[in-house]
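The structure appears right after this line, and notes come after that.
Protein chains: 2
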Amino acid sequence: MVRKPASKETARKPNMREAILAAAEELFATNGFNAVSVRDIAQAAGANPGSVTYHFKTKDGLLLEIYRRHCGPMNLRRSELLAAAKRVRDLRDRLEAIVRAYVVPAFTSGSDLAGGGARFTRLRAVMSAEGNDVARRIIAQTFDDTSHAFIDAIHESLPHIPRTDIVWRSHFLLGALYYSLVTPDRVSRLSRGEADGSDAASAIEQLVQATVAAFQAPALDQAAPVRRRPAVPSKA
Amino acid sequence: MVRKPASKETARKPNMREAILAAAEELFATNGFNAVSVRDIAQAAGANPGSVTYHFKTKDGLLLEIYRRHCGPMNLRRSELLAAAKRVRDLRDRLEAIVRAYVVPAFTSGSDLAGGGARFTRLRAVMSAEGNDVARRIIAQTFDDTSHAFIDAIHESLPHIPRTDIVWRSHFLLGALYYSLVTPDRVSRLSRGEADGSDAASAIEQLVQATVAAFQAPALDQAAPVRRRPAVPSKA
DNA sequence: TGATCTTTTGTACGATAGTACAAATCCCAT
DNA sequence: ATGGGATTTGTACTATCGTACAAAAGATCA
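Same order as they appear, the protein sequences are chains A and B.
Under my numbering, think of the first position of the first sequence as 106, with each following residue one higher.
Under my numbering, think of the first position of the second sequence as 106, with each following residue one higher.
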C-alpha cells in the first residue's frame, strides 16, 4: 500500500497505465479514434499491446477512461470560474468573465495532468467530428449541464437577447474553440507567420474578444426587418 | 457518345460512379474516413467492392475525387459572391455581404450536385479534424487562395483592424461553420427544441449575424490596455 | 524465504481491412 | 447480330485490426 518515492518526474515509467493514457490521448487527438491502433498506442507508451487490454479491457474502455480523467476536473474548474464570473458587477465585464471561464479551462490544464486540457479538448473536437459513440454518450450526460449553466449565465447578462440566439452563439464559440485547437497551423499560414496559432494565450484573447462581440450582437428578430438583405445573385 | 434519355430522375442507377461518390461522401462526412470501409461504401451505393477499385483505384483516390468534384464549383461560386459583395457601397453592408458570400456556398449547393454543399463542407470539417493527409494537401493548395481573398476583402472594409485579428476571426468563423454542420443536434438539444440546428437558413443567419459582430469588435491591441483583466482565480 | 497477488510479455485467433485480378456481363457502333 | 471496349462481379490475397490468454516477471507481506 506504500507508494514508491516517485523519484522525481524523471522516472521513466512510474506508471505504465498513465503512460498508455497519455499516449492514447495524444494519438487520438491528432489522428482520430479509428486511425490509431492499440498497437500504435502501446508502442508510443513503450508498453506491450496486451498491457492495454489488461488495464482498460477494450479500446473503447481506454477512451472512456480518458474522458473520465478529464471531465471532472475541467468541469469543476469551469464551475469555479463561472461562479466567480457571475459575481462581477459590470455587465460587460461579467459577460467577458463568463466567456473566459468557459474558454480558459479548455486551453489550459483543467486538472493536474501534464500537457494541459488543450490536448483533451482537441480530442473532444475530433471525437465529435467523427461521431464517436462513446464520446457522444459522455458528452450528452456530462457537458450539457455545464453548457446550460453557461448559457443561462450569459443570458442573464444579456436579457434582451433571446435564449435561442445565445444557444447558437455559444455553439459557434465551441466550434471556434475546437477548430483553433484542431488546426492552429492554419492561423499561422493565413497570417503569413504574423500570428502563432499554437499560442494558447493569443488564441484565448482573440477568441474571448471576438466571442463577446458576437454575443452582444443585436438579436436576429429585431435586426432582420430593419436591414435589407445584401445582394446575393441567384444561384445557377 | 449519345446520352441515354436519363428517363426521369427515377432512373435507379444512371451512373454507378456517381452513386459511389455520393455514398462515400455521405459516409465519410458522418463517420470519418477510417471508420468507413470500401465495402460499406459499395453496399450503400448498391455496388460491388471491386467497382470502387475500378473507378477510383484506391480509397484515397475516391476521397480525392470527391474534393475535385466540389472544390471548383464551390470556389467559383464564392468568387462570384465575393465580387458582388465588394461592390456593395455601405461599409457595414459590404462586410455582411462578404461574410455571407463565404458562408452561403458552404451550406447550400456550391454546384449542381444533389445534397448540396453542406455535406461536402461537413466532410471537410471531419477530414480536417482527423488530420487526413489527402485533405490537408488539397486544402492548402485550393482553399488558401480563397481564404486570403476573403480575408483581404474583410480587411478592406475594416481597415482599422490589424490583419492578424482578421485572420483569427475568420478562423473562428470557419470553426463555427464546421461545427454547425457537424453537430446540429447539439443546438436543438441545448435550446430545448426551440431552435433547429439542422435548418440551414437559421444557421446561416445566426452565423452571419454573430460573425459580423465579431469582425467589428475592437482590435486586441487597443482594447487590452484600457480594460482591466476580469477576475480569474489562480488555478490549483 | 516463499506464497500470493499484480503487472507485463508474447503469441495466437478470428474478423475485417484495402486492393488485385480474372471472369462475366453490359452497351453501343458497325 | 456481333465484335469489342467499358463496366460489374466474384473471389482471393496479404496485412492489420481488436482482443484473449497462458506464461513470465515483478512486487508485497507473513
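For every residue, glycine included, the Cβ atom is placed at its ideal position computed from N, Cα and C.
Would you identify the three-state DSSP class for residue i, choosing helix, strand or coil?
i, result
"A/Arg194", "coil"
"B/Leu263", "coil"
"B/Thr163", "coil"
"B/Phe248", "helix"
"B/Asn139", "coil"
"A/Arg297", "coil"
"B/Thr269", "helix"
"B/Asp326", "helix"
"B/Ala152", "coil"
"A/Thr316", "helix"
"A/Thr158", "helix"
"A/Thr288", "coil"
"B/Ser303", "coil"
"B/Asn180", "helix"
"A/Thr213", "coil"
"B/Gly236", "coil"
"A/Arg332", "Because A/Arg332 sits at a pLDDT of 46, beneath the cut-off of 50, its placement in the model cannot be relied upon, and the following sentence gives the value as read from the coordinates. The answer is coil: DSSP assigns A/Arg332 none of H, G, I, E or B."
Nearest chain A C-beta to residue i closer than 8 Å, yes or no?
i, result
"B/Ala211", "no"
"B/Thr288", "yes"
"B/Leu132", "no"
"B/Arg291", "yes"
"B/Leu325", "yes"
"B/Ile125", "no"
"B/Glu342", "Lying outside 106 to 341, the shown extent of chain B, residue 342 of chain B is not represented and no answer is given."
"B/Gln321", "yes"
"B/Ala128", "no"
"B/Ile243", "no"
"B/Ile309", "no"
"B/Ala149", "no"
"B/Ala344", "Past the boundaries of the shown model lies residue 344 of chain B; chain B is included only from 106 to 341, so the question cannot be answered."
Checking contacts by CB at 8 Å: is residue i closer than that to chain B?
i, result
"A/Asn136", "yes"
"A/Arg174", "no"
"A/Leu312", "yes"
"A/Ala230", "yes"
"A/Ala140", "yes"
"A/Asp250", "no"
"A/Glu235", "yes"
"A/Arg144", "no"
"A/Leu167", "no"
"A/Ser296", "yes"
"A/His253", "yes"
"A/Ala315", "yes"
"A/Ala152", "no"
"A/Ala318", "yes"
"A/Ala223", "no"
Rounded to the nearest angstrom, what separates residue i and residue j at their Cα positions?
i, j, result
"A/His260", "B/Met232", "34 Å"
"B/Val141", "B/Val209", "28 Å"
"B/Phe277", "B/Thr247", "19 Å"
"B/Ala324", "A/Asp304", "18 Å"
"A/Gly166", "B/Leu132", "25 Å"
"B/Arg291", "A/Ala240", "13 Å"
"A/His175", "A/Arg227", "12 Å"
"A/Phe255", "A/Arg183", "9 Å"
"A/Leu186", "B/Ala211", "36 Å"
"B/Thr288", "A/Thr251", "17 Å"
"A/Ala128", "B/Tyr284", "26 Å"
"A/Phe320", "A/Val272", "10 Å"
"B/Gln148", "B/Gly155", "11 Å"
"B/Ser262", "A/Asp198", "28 Å"
"A/Asp301", "A/Leu312", "14 Å"
"B/Ala202", "B/Glu310", "12 Å"
"B/Thr269", "B/Asp326", "11 Å"
"B/Thr135", "B/Ala322", "34 Å"
"A/Ala235", "B/Arg194", "At residue 235 of chain A the sequence reads Glu, which differs from the Ala that was named. Distance between the alpha carbons of A/Glu235 and B/Arg194 is about 42 Å."
"B/Phe138", "B/Asn237", "8 Å"
"B/Arg224", "A/Ala150", "37 Å"
"B/Leu168", "A/His265", "46 Å"
"A/Ala152", "A/Ile171", "17 Å"
"B/Leu181", "A/Ala124", "48 Å"
"B/Pro178", "B/Gly298", "35 Å"
"A/Val143", "A/Ser296", "38 Å"
Positions along the segment 259–285 of chain B whose CB lies within less than 8 Å of some CB in chain A:
Arg268, Thr269, Asp270, Val272, Trp273, Arg274, Ser275, His276, Phe277, Leu278, Leu279, Gly280, Ala281, Leu282, Tyr283, Tyr284 and Ser285
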